[in-house]
Amino acid sequence: MSQAPPKEQPGMFRQAAEADLFRHERVTILDEHGNYVEKVIKPEPLINPITLVRMLTWKNWLFFLVGLAAWTVDGYDFHSVSLSITNLSKYYGVSKTDISTSITLTLLFRSLGAAIFGVAGDYYGRKWPMVINMFIIGALQLGTAYAPTYHAFLGVRSLFGIGMGGVWGCAIAMALESVPIEARGLMSGILQQGYSLGYLLAAVFNLSIAPRGGADGFKDLFYIGAGASFFVGIVRMLFPESEQFRRAKEEGQTGGHTKQFMKEAGVVVRTQWRRIIYACILMALFNFFSHTTQDSYPTFLQAGKGFSQQDASRGTIIAKTGATVGGAVVGYVSQSFGRRRSIVLACVLAACIIPAWVLPNSQAGLAAGSFFLQFMVQGAWGVVPVHLNELSPPAFRASFPGIAYQIGNAISSPAAEMVTGISEHTFINHKGKRVEAFGPVMGIATAIIAILLAIWTAVGKEAKGSHFENAVAGHGNIDTKAPRPDIETASSRASVNDEKVEQPVHQERA
Numbered sequence: 005m006s007q008a009p010p011k012e013q014p015g016m017f018r019q020a021a022e023a024d025l026f027r028h029e030r031v032t033i034l035d036e037h038g039n040y041v042e043k044v045i046k047p048e049p050l051i052n053p054i055t056l057v058r059m060l061t062w063k064n065w066l067f068f069l070v071g072l073a074a075w076t077v078d079g080y081d082f083h084s085v086s087l088s089i090t091n092l093s094k095y096y097g098v099s100k101t102d103i104s105t106s107i108t109l110t111l112l113f114r115s116l117g118a119a120i121f122g123v124a125g126d127y128y129g130r131k132w133p134m135v136i137n138m139f140i141i142g143a144l145q146l147g148t149a150y151a152p153t154y155h156a157f158l159g160v161r162s163l164f165g166i167g168m169g170g171v172w173g174c175a176i177a178m179a180l181e182s183v184p185i186e187a188r189g190l191m192s193g194i195l196q197q198g199y200s201l202g203y204l205l206a207a208v209f210n211l212s213i214a215p216r217g218g219a220d221g222f223k224d225l226f227y228i229g230a231g232a233s234f235f236v237g238i239v240r241m242l243f244p245e246s247e248q249f250r251r252a253k254e255e256g257q258t259g260g261h262t263k264q265f266m267k268e269a270g271v272v273v274r275t276q277w278r279r280i281i282y283a284c285i286l287m288a289l290f291n292f293f294s295h296t297t298q299d300s301y302p303t304f305l306q307a308g309k310g311f312s313q314q315d316a317s318r319g320t321i322i323a324k325t326g327a328t329v330g331g332a333v334v335g336y337v338s339q340s341f342g343r344r345r346s347i348v349l350a351c352v353l354a355a356c357i358i359p360a361w362v363l364p365n366s367q368a369g370l371a372a373g374s375f376f377l378q379f380m381v382q383g384a385w386g387v388v389p390v391h392l393n394e395l396s397p398p399a400f401r402a403s404f405p406g407i408a409y410q411i412g413n414a415i416s417s418p419a420a421e422m423v424t425g426i427s428e429h430t431f432i433n434h435k436g437k438r439v440e441a442f443g444p445v446m447g448i449a450t451a452i453i454a455i456l457l458a459i460w461t462a463v464g465k466e467a468k469g470s471h472f473e474n475a476v477a478g479h480g481n482i483d484t485k486a487p488r489p490d491i492e493t494a495s496s497r498a499s500v501n502d503e504k505v506e507q508p509v510h511q512e513r514a
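Note that our numbering numbers the sequence shown so that position 291 is 295, with each residue one more than the last.
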């Protein structure tokens, strides 16, 4: 018979502040037998990454690689526009700021797509919502290439934002829910860098293929993106629903009914509203962090440093190589060092690297600075998929992370337009020439965002090791009164809605 639980814990921020981000702590937890025991939390030793990779079965790899492919295509499709801002402004006869408006609209409408496809992914499964989603964004990529006027272009990119918004939540949930807990940090880092890989591929094609098409060569980027989107959708059609979703659905006692789904969603909003707000603000800062450092970077190299389009593309490729490596490395380290600690450290180091990112005039100097800055920026991002999934109400892994991510995207949607607008109206001298001040504007904005993100992450919660793979929405996971294993702590309690036994239940310094 278990002991009575200690007193209810204070609010999220006070609890996080008492957790001593960089110190080990003694906690009282509810173990798998229903007993309260004291435990000293220590960092897990790092496991050889080869050992971690070998933990995945061929089915794990199948779901992971398709999720990675979907997210890579998503990143490619989005950055096809940011890499073509100069060419698009000439094609439609508008300013670069006007073209940046399309990026703002895409980001703004992504939250709507996240809600639509995220809820569908939690309720109907991961397969068909993703298939439909990939076909939609493929069609809209073709629409982007054939948009005859600037306003038609804006309309297509707005619709594209809805389709694009649904990819991340379903792809991340499908890819990570079958990954062994020990390997989540590493695989999360690799998975998130699909976005950087998409940017990298777009930059390579922009450098090698687009110039061959003359004035309209940039459209080739959209044709390639459309084909890749259709291909991923077809591949996803060829294998079944995820085993975790099917098993959870079969074990659900109430069946997958819309009424039950909405009831559970209402419970989550009522009981987890602080967590929802925290996650949305966290993702807004993360999206400001990435969009401020990458969307206007090719324009900065061309307008601010006088580079050719080819040299700017090479600089982008080097930066995104650093991003891809950083995401995998920091995601891997977070499994031992902790999710929040890894994010905070990456943000602080990114702020320190900013001068090396914008001040050099040589291509080699800028390449080195951009490599290490993106290593840190996307290193912090590499922790996001697993961190956000672990913070999520487990039965809503496709909708909660996706909606939080895309609401953050919507809040940060003016980032590129703000940077471009301020830079186009502010000038500095570069080698005796009056040029737009992209460097100072991007540097100052990035420093502010990095500091705010580090602080906000530090005051938040962490749920590393959460067993989020055992629940599905609409099947009685939230409101059931019978005792069952707690998917958050691998222990037993009456309901995941019971705030009074939220773990850890007591903390003191070791």
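Built from N, CA and C at the ideal position, the CB exists for glycine as well. Model, not experiment: these values are computed from the prediction.
Can you tell me whether Leu158 is buried or exposed, with buried defined as 16 or more other CB within 10 angstroms of its CB?
The residue labelled residue 158 in the question sits at position 154 within the sequence shown. With 16 or more Cβ atoms within 10 Å of its Cβ, Leu158 is classed as buried.
inquiry  = Any contact between the segment 107-118 and the segment 410-426? By contact I mean 3 or more CB pairs, one from each, below 8 angstroms.
reply    = Look at the beta carbons and you see the segment 107-118 touching the segment 410-426: at least three pairs across the two are nearer than 8 angstroms.
Check: Can you round the beta-carbon distance between Ala179 and Leu195 to whole angstroms, since I take them to be within the 8 angstroms contact cut?
Finding: Here residue 179 corresponds to residue number 175 of the sequence shown, with the count starting at 1. Here residue 195 corresponds to residue number 191 of the sequence shown, with the count starting at 1. Confirmed, about 5 angstroms.
Might you give, ordered along the chain, the residues of its own chain that have their beta carbon closer than 7 angstroms to the beta carbon of Ile238, omitting 5 neighbours on each side?
-> Taking the sequence shown and counting its residues from 1, one reaches residue 238 at position 234. Excluding residues within five positions, none has a Cβ falling inside 7 angstroms.
Which term fits Lys63, buried or exposed, when burial requires 16 or more other beta carbons within 10 angstroms of its beta carbon?
-> Sequence index remark: in the sequence shown, residue 63 carries index 59 (1-based). Flag for Lys63 reads exposed.
With a cut-off of 8 angstroms, do at least 3 Cβ pairs link the segment 328-338 to the segment 358-374? By the C-beta criterion, the segment 328-338 is judged not to be in contact with the segment 358-374, since fewer than 3 inter-stretch pairs fall below 8 angstroms.
Let me confirm a value: Asn137 is counted as buried when at least 16 other C-beta atoms fall within 10 Å, else exposed. Which label applies? Numbered from its first residue, the sequence shown carries residue 137 at position 133. A residue is called buried when at least 16 other Cβ atoms come within 10 angstroms of its Cβ; Asn137 meets this threshold and is buried.
Selected residue, minimal CA-CA separation from Ile228, among Ala206, Arg240 and Arg216: For the purposes of this step, residue 228 is taken as residue 224 along the sequence shown, with counting starting at 1. Distances from the CA of Ile228 to each of Ala206, Arg240 and Arg216 were compared; the closest alpha carbon is that of Ala206.
Going along the chain, which residues of its own chain have a beta-carbon closer than 7 angstroms to the beta-carbon of Gly443, five neighbours each way excluded?
Numbered from its first residue, the sequence shown carries residue 443 at position 439. If we look at Gly443 and ignore the five residues flanking it on each side, its Cβ neighbours are Phe304, Gly308 and Val362.
Worksheet item: Are the beta-carbon atoms belonging to Phe243 and Val388 less than 8 angstroms from one another?
Response: As a first step, residue 243 is located in the sequence shown; it is residue number 239 there, counting from the start. As a first step, residue 388 is located in the sequence shown; it is residue number 384 there, counting from the start. Not in contact: Phe243 and Val388 (Cβ atoms no closer than 8 angstroms).
Q: Assign Val381 to one of three DSSP states: helix, strand, or coil.
A: Within the sequence shown, the letter at position 377 stands for residue 381. Of the three classes helix, strand and coil, the one that applies to Val381 here is helix, per DSSP.
Task: Gly436 versus Leu211: straight-line alpha-carbon distance, rounded - done: Here residue 436 refers to the residue found at position 432 when the sequence shown is read from its first residue. Here residue 211 refers to the residue found at position 207 when the sequence shown is read from its first residue. Leu211 has its alpha-carbon roughly 29 angstroms from the corresponding atom of Gly436.
Close beta carbons around Gly71, own chain, < 7 angstroms, minus the five adjacent residues each side: Position 67 of the sequence shown, counting from 1, holds the residue named residue 71. So the list reads Ala175, Ile176, Met178, Ala179 and Leu195, once near-sequence residues are dropped.
Notebook entry, point to check: From Phe431 to Ala316, what does the alpha carbon distance come to, in whole angstroms?
Noted result: Counting from one through the sequence shown, the residue named residue 431 turns up at place 427. Counting from one through the sequence shown, the residue named residue 316 turns up at place 312. Answer to the nearest angstrom: the Cα atoms are 20 angstroms apart.
**Message:** Within a Cβ cutoff of 8 angstroms, which residues of the same chain sit near Phe234, ignoring the five residues on either side of it in sequence?
**Reply:** As a working mapping, residue 234 is identified with position 230 in the sequence shown. Cβ neighbours of Phe234 beyond the five flanking positions: Met138, Phe139 and Gly142.
| task | Please report how far the alpha carbon of Trp460 lies from the alpha carbon of Gly217, in whole angstroms. | result | Counting from one through the sequence shown, the residue named residue 460 turns up at place 456. Counting from one through the sequence shown, the residue named residue 217 turns up at place 213. Spanning the two alpha carbons is a distance of roughly 46 angstroms.
| Cβ neighbours of Cys356 in the same chain (closer than 8 angstroms, five flanking residues each side left out) | The residue labelled residue 356 in the question sits at position 352 within the sequence shown. Residues of the same chain with a CB within less than 8 angstroms of the CB of Cys356, apart from the 5 flanking positions on each side, do not exist.
Extent of the continuous beta strand (DSSP E) run through Lys324: Here residue 324 is taken as the residue at index 320 of the sequence shown, counted from 1. Run containing Lys324: none in the beta strand (DSSP E); it sits in the alpha helix (DSSP H), Gln313 to Phe341.
DSSP state of Asn52 mapped onto helix, strand, coil
Along the sequence shown, read from residue 1 onward, the residue named residue 52 stands at position 48. Here Asn52 sits in coil by DSSP.
Any idea what DSSP makes of Arg438, helix, strand or coil? The residue labelled residue 438 in the question sits at position 434 within the sequence shown. Judged by DSSP in its simplified three-state form, Arg438 adopts strand.
Once the 5 residues before and after Ala124 are set aside, which same chain residues still bring their CB inside 7 angstroms of it? For this step, residue 124 is matched to residue 120 along the sequence shown. Pro133, listed in sequence order.
- Taking the C-alpha atoms as reference points, what is the distance between Glu394 and Glu466? The residue labelled residue 394 in the question sits at position 390 within the sequence shown. The residue labelled residue 466 in the question sits at position 462 within the sequence shown. Near 8 angstroms, if we compare the C-alpha coordinates of Glu466 and Glu394.
- Task: Keeping to the same chain, check which residues put their C-beta closer than 6 angstroms to that of Arg188; ignore five residues upstream and five downstream.
- Result: Taking the sequence shown and counting its residues from 1, one reaches residue 188 at position 184. Taking C-beta separations shorter than 6 angstroms and ignoring five residues to either side along the sequence, the partners of Arg188 in its chain run Val390, following chain order.
Notebook entry, point to check: Between which two residues does the alpha helix (DSSP H) carrying Ala73 extend?
Noted result: As a first step, residue 73 must be located in the sequence shown, where it is residue number 69. It spans Trp62 to Ser86 - the alpha helix (DSSP H) in which Ala73 sits, taken as one unbroken run.
First and last residue of the uninterrupted alpha helix (DSSP H) at Val423 = As a working mapping, residue 423 is identified with position 419 in the sequence shown. Segment Ala419 to Glu428, the alpha helix (DSSP H) holding Val423.
| request: Determine, using beta carbons only, whether Ile358 and Gly447 come nearer to each other than 8 angstroms. | output: For this step, residue 358 is matched to residue 354 along the sequence shown. For this step, residue 447 is matched to residue 443 along the sequence shown. A contact, by the Cβ cut-off of 8 angstroms.
- Task: Please classify Asn433: does DSSP put it in a helix, a strand, or coil?
- Result: Here the question's residue 433 lines up with position 429 in the sequence shown. For Asn433, the secondary structure class from DSSP, reduced to helix, strand or coil, is strand.
Original post:
If you count every other CB in all the chains shown that lies within 10 Å of the CB of Met168, and 16 or more means buried, which is it?
Top reply: By one-based count along the sequence shown, residue 168 stands at place 164. It counts as buried.
Worksheet item: When DSSP labels each residue in this structure, what does Ile89 get in the three-state scheme?
Response: Locating residue 89 in the sequence shown gives position 85, counting from the first residue. Of the three classes helix, strand and coil, the one that applies to Ile89 here is helix, per DSSP.
In angstroms, rounded to a whole number, what distance separates the CA positions of Ser294 and Gly165?
-> Taking the sequence shown and counting its residues from 1, one reaches residue 294 at position 290. Taking the sequence shown and counting its residues from 1, one reaches residue 165 at position 161. Rounded to whole angstroms, the separation of the alpha carbons of Gly165 and Ser294 is 17 angstroms.
**CB of Phe226 within 8 angstroms of CB of Ala149, strictly** = Here residue 226 refers to the residue found at position 222 when the sequence shown is read from its first residue. Here residue 149 refers to the residue found at position 145 when the sequence shown is read from its first residue. Yes, the pair counts as a contact, with Cβ atoms nearer than the cut-off.
- Query: Which residues bound the alpha helix (DSSP H) around Thr297?
  - Reply: Working through the sequence shown from its first residue, we reach residue 297 at position 293. First-last of the alpha helix (DSSP H) with Thr297: Trp277 to Gln298.
**Check whether Gln197 and Gly386 have beta carbons under 8 angstroms apart** = Residue numbering aside, residue 197 sits at position 193 when the sequence shown is read from its first letter. Residue numbering aside, residue 386 sits at position 382 when the sequence shown is read from its first letter. It is a contact, given that the beta carbons lie within the stated cut-off.
At which residues does the alpha helix (DSSP H) containing Val236 begin and terminate?
-> Residue numbering aside, residue 236 sits at position 232 when the sequence shown is read from its first letter. Here the alpha helix (DSSP H) through Val236 covers Lys223 to Met241.
| Sub-8 angstroms separation of Val98 and Tyr154 beta-carbons | For this step, residue 98 is matched to residue 94 along the sequence shown. For this step, residue 154 is matched to residue 150 along the sequence shown. With a cutoff of 8 angstroms on beta-carbon distance, Val98 and Tyr154 are scored as near each other.
Problem - Length of the line joining the Cα atoms of Ala151 and Thr90 - result: One-based indexing of the sequence shown puts residue 151 at position 147. One-based indexing of the sequence shown puts residue 90 at position 86. Thr90 has its alpha-carbon roughly 17 angstroms from the corresponding atom of Ala151.
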